[in-house]
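Here's the structure, in structure tokens; my notes come after.
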Amino acid sequence: MSNDMNGTIPKIDFAGIDPAAASPGDGDSRWATVRAAVMDALMEHGGFEAVMDDLVAPELRAAMLATGGAAESLFSLPPTTKARYTNEKPYLGYVSSSIPGMPYETFSVMDPLSPDVVPTLAGLMWPDTGGDSSFCETMHAYTERVAVLEAMVRRMVLESVGVNAEHIEEQAKTTSLRLRISRYPAPGGAGAEGRVGLPAHRDTSFLSVLTQNDVDGLEVECGRGDDGWARPALSPCSFLILAGDMLKVLTNGRVYSPLHRVVIAGDKTRYSCILFSNPKDDAVVRAVDGAVDAQHPAVYKAFGYAEYIAFCFTREQYRNPNKVEAFAAVAGVEG
1 MSNDMNGTIP KIDFAGIDPA AASPGDGDSR WATVRAAVMD ALMEHGGFEA
51 VMDDLVAPEL RAAMLATGGA AESLFSLPPT TKARYTNEKP YLGYVSSSIP
101 GMPYETFSVM DPLSPDVVPT LAGLMWPDTG GDSSFCETMH AYTERVAVLE
151 AMVRRMVLES VGVNAEHIEE QAKTTSLRLR ISRYPAPGGA GAEGRVGLPA
201 HRDTSFLSVL TQNDVDGLEV ECGRGDDGWA RPALSPCSFL ILAGDMLKVL
251 TNGRVYSPLH RVVIAGDKTR YSCILFSNPK DDAVVRAVDG AVDAQHPAVY
301 KAFGYAEYIA FCFTREQYRN PNKVEAFAAV AGVEG
């Protein structure tokens with residue numbers, strides 16, 4: 001599976017960027033420098049490793065992902081308990097892989113920063129105690145910190161294609177967050193051959209921000225697919241940022257949406273958390289005005305996000321690696 005692992009993705013240091021401040025714009029040279037590096041990485045590779053030492057305290061990261069943390073406590077519950085967390089939409093709620101040889105389970109939580117969402121999950125998982133308060137506090141604090149980085153990167157991308165501050169705020173109002181917590185059991189033994197934990201796919205989101213315990217596994221194609229694959233080894237203070245199909249549409253094809261997969265080896269279980277930013281279900285997705293001009297005609301037709309998601313999960317399109325092109329590409333125009 002991992003026979004073409006000669007690629008690398010950029011690493012960008014966010015030191016000197018105040019995560020609590022609004023965008024300082026072009027007047028701040030550090031912001032402008034990091035913004036340029038972010039846009040270059042997303043155009044060339046569709047992703048990068050963001051290093052931000054002070055964003056998530058080590059204690060909070062451990063409470064979320066380390067042994068005995070929130071992720072492990074959630075997945076250690078009985079299957080019948082985990083199955084209580086349901087949602088009628090595809091891949092929301094609790095999902096366990098039914099593919100032989102590919103054990104994988106995940107909780108996907110919509111609007112995790114809404115006051116009642118995580119307590120509702122905790123109440124279903126620990127009904128005898130009315131929910132787990134420490135679990136709720138950890139989930140909320142962790143998501144809140146990672147959401148700061150996601151919003152910052154999304155703002156940098158929009159600024160890079162000429163969107164002003166007012167329209168960036170308008171775009172944020174049509175954006176929702178989704179938190180996915182996943183468990184990938186180890187195949188067993190340090191010498192065990194790696195196995196697929198999640199097949200290669202592209203995200204349907206604007207952005208995803210991934211963190212993990214100390215077990216690597218995510219592999220990302222590089223150089224728009226021409227430079228092989230990379231297996232980033234994230235440090236305790238770094239985050240993997242990936243662009244999804246909706247950011248590709250928003251930037252009129254400038255940003256790339258990379259294929260990525262999970263391959264698990266060794267004898268230790270992998271836990272990961274991914275914060276996705278997505279259009280709201282009733283949002284209409286189209287390229288922003290600054291990304292379309294005479295030299296760059298619109299690559300994609302405007303479309304409703306809910307309709308796009310329904311299209312992605314049809315039997316004919318489920319394994320198509322280029323769903324957004326099949327759904328919304330303008331004939332005769334290349335991205």
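Here full-length UniProt numbering is used: the first residue of the sequence shown is 1, the next is one more, and so on. Heads up, the beta-carbon is just placed ideally off N, CA and C, and yes, glycines get one too.
* **Where F206 sits in the DSSP three-state scheme** => For the purposes of this step, residue 206 is identified with residue 206 of the sequence shown, where counting begins at 1. Correct three-state label for F206: coil.
* To do: Evaluate E170 with the Cβ neighbour count: other Cβ atoms within 10 Å of its Cβ, from every protein chain shown; 16 or more gives buried, anything less gives exposed.
  => Counted from its first residue, the sequence shown places residue 170 at position 170. E170 counts as exposed, since fewer than 16 other beta carbons sit within 10 angstroms of its beta carbon.
* To do: Would you mind working out which of M39, R315, E150, I181 sits nearest S76, comparing C-alpha positions?
  => Residue numbering aside, residue 76 sits at position 76 when the sequence shown is read from its first letter. Ranking M39, R315, E150, I181 by Cα distance to S76 puts I181 first.
* Grab me the residues of M258's own chain with a C-beta within less than 6 Å of its C-beta, minus the 5 sequence neighbours each way, in chain order. => Position 258 of the sequence shown, counting from 1, holds the residue named residue 258. Residue 258 is actually Pro in this sequence, not Met. In its chain, beyond the 5 residues on either side, G46, G47, V220, E221 have a beta carbon closer than 6 Å to the beta carbon of P258.
* To do: Please report the residue range of the beta strand (DSSP E) in which I181 lies.
  => On the sequence shown, residue 181 is found 181 positions in, with the first residue counted as 1. Start and end: 175-184.
* Do L207 and S277 have their C-beta atoms closer together than 7 Å? -> Mapped onto the sequence shown, residue 207 falls at position 207. Mapped onto the sequence shown, residue 277 falls at position 277. In contact: L207 and S277 (Cβ atoms closer than 7 Å).
* Give the secondary structure of A233 by DSSP, where H, G and I count as helix, E and B as strand, and everything else as coil. => Position 233 of the sequence shown, counting from 1, holds the residue named residue 233. Correct three-state label for A233: coil.
* To do: Enumerate in chain order the residues of its own chain whose CB-to-CB distance from L65 is below 6 Å, with the five nearest sequence positions on each side excluded.
  => Position 65 of the sequence shown, counted from the start, is the residue given in the question as residue 65. Closer than 6 Å at the Cβ level, and outside the excluded window around L65, lie A71, N213, Y271.
* Asked: According to the neighbour-count rule (16 or more other Cβ atoms, all chains shown, within 10 Å of its Cβ), is S134 buried or exposed?
  -> Here residue 134 is taken as the residue at index 134 of the sequence shown, counted from 1. That one is exposed.
* Report the rounded CA-to-CA distance for L92 versus A329, giving the unit in angstroms. => Walking along the sequence shown from the start, residue 92 turns up at place 92. Walking along the sequence shown from the start, residue 329 turns up at place 329. If you take the alpha carbons of L92 and A329, they lie about 27 Å apart.
* Asked: Can you list, in chain order, the residues of its chain whose CB lies under 8 Å from that of P119, leaving out five sequence neighbours each side?
  -> For the purposes of this step, residue 119 is taken as the residue at position 119 of the sequence shown. Closer than 8 Å at the Cβ level, and outside the excluded window around P119, lie G131, C136.
* Buried or exposed for G253, please, with buried defined as at least 16 other CB atoms from any protein chain shown within 10 angstroms of its CB. => Your numbering for residue 253 matches position 253 in the sequence shown. That one is buried.
* Asked: With 16 other CB atoms within 10 Å as the buried threshold, where does A50 fall?
  -> Your numbering for residue 50 matches position 50 in the sequence shown. With 16 or more other Cβ atoms within 10 Å, it is buried.
* To do: Could you check the C-alpha separation between P187 and Y318 for me, to the nearest Å?
  => Counting from 1 along the sequence shown, the entry for residue 187 is found at position 187. Counting from 1 along the sequence shown, the entry for residue 318 is found at position 318. Inter-residue distance for P187 and Y318 is about 27 Å (C-alpha atoms, whole angstroms).
* Asked: Of all the alpha helix (DSSP H) runs that stay within the bounds of the region 207-287, which reach a length of 4 or more residues?
  -> Whole alpha helix (DSSP H) segments, 4+ residues: 245-250.
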